[in-house]
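First to last, the sequence lines map onto chains C and U.
For any residue, its number in my numbering is found by taking its place in the first sequence, counting from 1, and adding 48.
For any residue, its number in my numbering is found by taking its place in the second sequence, counting from 1, and adding 767.
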Amino acid sequence: MTMLRWILLLAITGGLLFAPNLLEPMLRPLAPAGGPVLYNRATLSSLTGAHLMLVVMAMVPSTIIGLTLAVLVSRPAGAEFLPLSRTIANIGQTFPPVAVLALSVPLLGFGSLPTILALFLYGLLPIFENTLAGLRGVPGAVALSARAVGMTPGQVLAQVELPIAMPLILEGIRISTVIALSTATIGSTVAARSLGEVIIAGLTSNNLAFIVQGGVLTGCIAVLIYDLFGLLIAFAKHRAGIETGDQL
Amino acid sequence: MAIATRITRIDRLTAVLAVPLLAALLLSVLSYRPNRIAPPEPRSLADVFDGGTVSAIIASAVLLTIVLLVQHRPAVRAAIVGLAVIIHVVLLGWGAQILMEGSAPAARVSPGTGFWLGFGALVLLLLDAIARLQPSIRARAALLVGTVAALAFVLRSGLLADLSLAAEYRGRSDAFHRATLDHLTLAFGSFLAALIIGLPAGVLIQRRRRLRDPVLNLLTLIQTIPSMALFGVLIVPLAWVAANIPGAASAGIRGIGMAPALIALFLYSLLPIVANTVAGIDAVPHNATEAATGMGMTGAEQLRMVELPLAMPVILAGGRIVLVQNIGLATVGALIGSGGFGTFIFQGIGQTATDLILLGVLPTVALAFLASAIMDLMIAMFRGQSQ
């Protein structure tokens, strides 16, 4: 089942990226009479690259900062900030990604920068929350016995707590990345280069063929990346010694 | 000795937030533009108010910081900071009025960096005090009603009428009401449809284990698809329906507009409802269902009187996720002509008009926040009942 899904997704993605001419006959009925069938203002592969670049540029700092903040408030010294940080995380989730994106424009102008800022800010919350949940799920006895065998607090964190929390941390990064892939599409309304450009072009010129190319490609890439994280999480669970029946 | 340690223990959160709180006094508290599209000019406290008022504001801000550094009781902190938030908003309205008095009607005044910084710090302090109070359900409900009433009062009173955002609203009040209606239809219509389909579907796949993984996998797959892609791709079948099925077009179904947005939001809503229904019923204690069977309840009675009530907090948690998600995602619908607050957001982006963006963003955020607070209360009430 899973293999079939991957083969299908990879075939569609690969077809749209590298051999769009093969798909032209299928898309032709959707294009307006005499209008272009394949998006021609940029190659889909260059837009995919730009799209993924936006996501990576935002997710790397999101992960570093979200993880660090969660580690800090879970230490005794940061305990005073714990109630507030949970409230912020809770309220922050009610902020729609589009709102964060739109409010970044007055601050940073048009282009990639406001999009990266919005993806970064929105990505912090799931990573922070999941890291916190993962660290709190570490049994007290385990951390205590690690201290008892002479590990420093830093070693306990790096060698015991983080590996045990890793599946949940990765789950958080997965949620953030999926949201980021979606918001990066909308980023094209503030002039960031992404696959959303193709969908917007289709909407403004009433060309369904453009909408389908952009929409299907973004959808396939998002699902592929989601599945990729599924593999990583399964690996992290295996390493942390958590046995599950989950396939993904 | 005990007294000495109490006095020296300063509140760390206040120590951190004192920086933005006091810096706010030195920055531009309001920004002034001769007309709607002119670049903003910063106005500091001293530009807006007379000397006496400025000294009073600075003195109260410093006093507030000192009190909060040493005062640890959450109830007292909440009361003081609550008062400070009210004064902050009143000063915003008053300052805007002063700036607008000597200006042309086309001039615009909006909150500046200083206002937002101070407001943010105060709200964080207030949220922290409330979180530490751990209020009861009744107190939370009262707090929510109080906040909504205070907000409604401020908006109705005309206190903030001189702000640019209010001017932006006055020019579009009809469009704003239409957008509100569209937004509510999108968010709640799809939520209701998802409940009607999702609840029975959840119960069904909870009973039939073989169906469970395929259905949940499919719904997860749908959730993963970026919103603009799903909204866009749904235009294709709907355009076909409108063109080929008699009566569909006259029923309002077109390729673009409300229909694809409603369907997309409905599809996104299914996963949290179905998955949480399954998880909620799964978590019902075994002895509760056994007792029900022992009493001679049929399967349907058991579901209606035992399993669903006990699963309700978890199902409602799914509903909370759906409502917040739908209210946010409904903004994207504006790109395919479904209306809603997103219309103002994307128009505002197009014109680089921050106030217009805010006119779309603020009600969206307020609505999402309200929905999540109400759902949280309902979850807490059901939890209290089932214990």
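All residues carry an ideal CB built from backbone N, CA and C; glycine is no exception.
Exercise. Does any residue of chain C bring its CB to less than 7 angstroms from the CB of I1012(U)?
Worked result: In terms of beta-carbon proximity, I1012(U) stays away from the interface with chain C, with every pair separated by 7 angstroms or more.
For this session: List the residues of chain C whose Cβ lies closer than 9 angstroms to the Cβ of A851(U), in chain order.
Result: Here the premise fails: no neighbours, minimum Cβ distance about 17 angstroms.
For this session: Count the other C-beta atoms from every protein chain shown that fall within 10 angstroms of the C-beta of V1045(U), then say buried if there are 16 or more, exposed otherwise.
Result: So V1045(U) counts as buried.
Problem set entry | Three-pair Cβ contact test at 8 angstroms for the region 241-252 of chain C versus the region 185-194 of chain C | Output reads no: the region 185-194 of chain C does not touch the region 241-252 of chain C.
Problem set entry | Cut-off 8 angstroms between Cβ atoms - residues of its own chain near L978(U), not counting five sequence neighbours on either side | So the list reads L971, I972, once near-sequence residues are dropped.
Exercise. Residues bridged to S1157(U) by DSSP?
Worked result: An answer regarding residue 1157(U) cannot be provided, because it is not within the stretch 768 to 1154 covered by chain U.
For this session: Report, in whole angstroms, the separation of the C-beta atoms of V1051(U) and L1077(U), which I expect to be a contact under 8 angstroms.
Result: About 5 angstroms separates the CB atoms of V1051(U) and L1077(U); that is less than 8 angstroms, so the two are in contact.
Problem set entry | M1062(U) (DSSP reduced to helix, strand or coil) | Here M1062(U) sits in coil by DSSP.
Problem set entry | Residues, ordered as in the chain, of the region 59-88 of chain C that lie near chain U by beta-carbon distance below 9 angstroms | Those residues of the region 59-88 of chain C that come within reach of chain U (Cβ to Cβ, closer than 9 angstroms) are L78.
Exercise. Hey, quick one: how far does the alpha helix (DSSP H) through P1076(U) stretch, first residue to last?
Worked result: It spans 1075-1096 - the alpha helix (DSSP H) in which P1076(U) sits, taken as one unbroken run.
Exercise. Is the region 1090-1109 of chain U touching the region 99-108 of chain C, taking contact as three or more C-beta pairs under 8 angstroms?
Worked result: In short, these stretches do not touch, since the Cβ pair count stays below three.
Problem set entry | Simplified DSSP assignment, three categories, for I175(C) | When DSSP states are grouped into helix, strand and coil, I175(C) belongs to the helix group.
For this session: Please work out which residues of its chain come closer than 7 angstroms, Cβ to Cβ, to I223(C), disregarding the five sequence neighbours upstream and downstream, and give them in chain order.
Result: Cβ neighbours of I223(C) within its own chain (closer than 7 angstroms, five residues either side excluded): P174.
For this session: Would you kindly report the start and end of the unbroken alpha helix (DSSP H) that includes I139(C)?
Result: Per DSSP, I139(C) belongs to the alpha helix (DSSP H) from 130-140.
Exercise. Got a sec? Which residues, its chain only, sit under 8 angstroms from L927(U) by beta carbon, not counting five neighbours each side?
Worked result: Hits under 8 angstroms: V856, L859, G860, A863, V921, A933.
For this session: Go ahead and pull the three-state DSSP assignment for Q207(C).
Result: Of the three classes helix, strand and coil, the one that applies to Q207(C) here is helix, per DSSP.
Problem set entry | Residue-chain proximity (L988(U), chain C), Cβ-Cβ < 7 angstroms | Yes - at least one Cβ of chain C is within 7 angstroms of the one on L988(U).
Exercise. So, does the CB of D294(C) fall closer than 7 angstroms to a CB anywhere in chain U?
Worked result: Interpretation of D294(C) is limited by its pLDDT of 45, a score under 50 that renders its predicted location unreliable; no figure is taken from the coordinates.
Problem set entry | Helix, strand or coil at V786(U) according to DSSP, with G and I counted as helix | In this structure, V786(U) counts as helix in the three-state DSSP scheme.
Exercise. Grouping DSSP H, G and I as helix and E and B as strand, with all else coil, what is T233(C)?
Worked result: Of the three classes helix, strand and coil, the one that applies to T233(C) here is helix, per DSSP.
Exercise. DSSP three-state call for L1001(U): helix, strand or coil?
Worked result: DSSP, reduced to helix, strand and coil, places L1001(U) outside both helices and strands of the structure shown, so it counts as coil.
Exercise. Which residues in chain C sit within 7 angstroms of M995(U), going by Cβ to Cβ distance?
Worked result: Going along chain C in sequence order, the residues near M995(U) (Cβ under 7 angstroms) are T233, I234, G244, I247.
Exercise. If we count Cβ pairs, one from each stretch, closer than 8 angstroms, do we get three or more for the region 1123-1140 of chain U versus the region 127-143 of chain C?
Worked result: Pairwise C-beta distances place the region 1123-1140 of chain U in contact with the region 127-143 of chain C, as three or more of them are shorter than 8 angstroms.
Problem set entry | Segment limits, alpha helix (DSSP H) that includes I824(U) | From DSSP, the alpha helix (DSSP H) with I824(U) extends over 818-837.
Problem set entry | Contacting residues, own chain, Cβ-Cβ under 8 angstroms from G82(C) (five flanking each side not counted) | Cβ neighbours of G82(C) beyond the five flanking positions: none.
For this session: Pull up the distance between the alpha-carbon of A98(C) and that of I824(U), whole angstroms please.
Result: So the alpha carbons of these two residues sit roughly 49 angstroms apart.
Exercise. Can you name the start and end residues of the alpha helix (DSSP H) that V197(C) belongs to?
Worked result: Annotation for V197(C): no alpha helix (DSSP H) segment contains it, and DSSP assigns it neither H nor E.
For this session: Give me the Cα-Cα distance between A874(U) and I865(U), rounded to the nearest whole angstrom.
Result: Each residue's Cα considered, the two are about 12 angstroms apart.
Exercise. Between which two residues does the alpha helix (DSSP H) carrying A1155(U) extend?
Worked result: Summary: the structure shown does not reach residue 1155(U), with chain U confined to residues 768 through 1154, and so no result is reported for it.
For this session: Say whether the region 248-256 of chain C touches the region 78-93 of chain C, bearing in mind that this needs 3 or more beta-carbon pairs closer than 8 angstroms, one atom from each stretch.
Result: Inter-segment contact for the region 248-256 of chain C and the region 78-93 of chain C is present: three or more beta-carbon pairs are separated by less than 8 angstroms.
Exercise. Among the residues of its own chain, which have a CB less than 8 angstroms from the CB of T832(U), if the five just before and after it don't count?
Worked result: Exclusion of the five residues before and after T832(U) leaves T781, A785, L788, L789 as the residues of its chain whose Cβ lies within less than 8 angstroms of its Cβ.
Problem set entry | Cβ neighbour criterion (16 or more within 10 Å) applied to V1000(U) | Buried is the call here.
Exercise. Can you list, in chain order, the residues of its chain whose CB lies under 7 angstroms from that of I164(C), leaving out five sequence neighbours each side?
Worked result: Counting only Cβ-Cβ distances below 7 angstroms, and skipping sequence neighbours, we find L102, M105, A106.
For this session: For A255(C), name the three-state secondary structure that DSSP assigns.
Result: Looking at the sequence provided, one finds Asn at residue 255(C) rather than Ala. For N255(C), the secondary structure class from DSSP, reduced to helix, strand or coil, is coil.
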